[in-house]
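Taking my numbering, the leading residue of the sequence shown gets 2, the next gets one more, and so forth. Ideal Cβ positions, reconstructed from N, Cα and C, are used throughout, including at glycine. None of the values given here were measured: they were computed from a predicted structure. Only one structure is covered here, and it is reproduced in the block below.
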Amino acid sequence: DVALWWALSDPSIDAAAVLRQANAPRTTADAHALLPVSSAAAIEVWTERELACLHALWWLSRRTPGNELSMRLTAAVNWHIEHIQPDNATAHPWALHVFLAHAINEPNGVEARLYAETQLHNCRVSLGYPDALSREILLDAADALKTLAND
């Protein structure tokens, strides 16, 4: 997950290679997740890392639309919508913009929109407003949505 974030600022890091390396070992149950579901980590920890990867991957896939990263992103989003509940793990709205973009562009858009709405709600439950990290994530998601609006 850290390597994907580093790839945003270091063009020498091949994000597609990072994802291929993360794919082993894999089960059929988590074939489209970005990271293998680890029995060593709690589901909350895995989901936080996975959604953070999805967040970074969206930005990386924008560099070359239609590439391997874009296809991997779409597969992962669909997998999350089908298998992972957004309230299952984290109060941080990682990849909120990814699900909103998917909601606009894909046939299963309603589920993606509901996923994003749940994430937005969850980041405000504890305090009544987003915590400091969630605010930063939301600002980045807003920048992503602004980028989409300008496309």
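S13 (DSSP reduced to helix, strand or coil) | S13 falls in the coil class under three-state DSSP.
Would you call S127 buried or exposed, if buried means 16 or more other Cβ atoms sit within 10 Å of its Cβ?
-> With fewer than 16 Cβ atoms within 10 Å of its Cβ, S127 is classed as exposed.
Inter-residue Cα distance where the pair is P37 and G129 = Between P37 and G129, the C-alpha separation is close to 33 Å.
How would you call I105, buried or exposed, if buried means at least 16 neighbouring beta carbons within 10 angstroms?
-> So I105 ends up on the exposed side.
Rank D11, Q86, L101 by C-alpha distance to the C-alpha of A150 and give the top, closest one.
-> When only C-alpha atoms are compared, the closest one is L101.
Let me know if I44 comes out buried or exposed under the rule of 16 or more other beta-carbons within 10 Å of its beta-carbon.
-> Within a 10 Å sphere around the beta-carbon of I44 sit fewer than 16 other beta-carbons, which makes this residue exposed.
Look at the alpha carbon of A77 and the alpha carbon of A42, and state the distance between them as a whole number of angstroms.
-> Answer to the nearest angstrom: the Cα atoms are 20 Å apart.
Identify which residue in S13, L9, D132 has its Cα closest to the Cα of L55.
-> Taking each of S13, L9, D132 in turn and checking the Cα distance to L55, the smallest one comes out for L9.
What did DSSP end up calling W80 once you bin it into helix, strand or coil?
-> W80: helix per DSSP, three-state reduction.
Where the alpha helix (DSSP H) through N123 begins and ends | Counting along the chain, the alpha helix (DSSP H) containing N123 begins and ends at 110-123.
Among the residues of its own chain, which have a CB less than 8 Å from the CB of N24, if the five just before and after it don't count?
-> Correct list, in chain order: P37.
For N106, which three-state DSSP category applies?
-> In the structure shown, N106 sits in a helix (DSSP, three-state: H, G or I).
Exposure label - L5; buried when at least 16 CB within 10 Å = L5 should be labelled buried.
Give a yes or no on whether the C-beta atoms belonging to A34 and W80 are separated by under 8 Å.
-> Cβ distance < 8 Å, so A34 and W80 count as in contact.
Pick helix, strand or coil for I44, following the three-state DSSP scheme.
-> Reduced to three states, the DSSP call for I44 is helix.
Do P94 and S62 come within 8 Å of each other at the CB atom, strictly closer than that value?
-> No, the pair does not count as a contact, with Cβ atoms beyond the cut-off.
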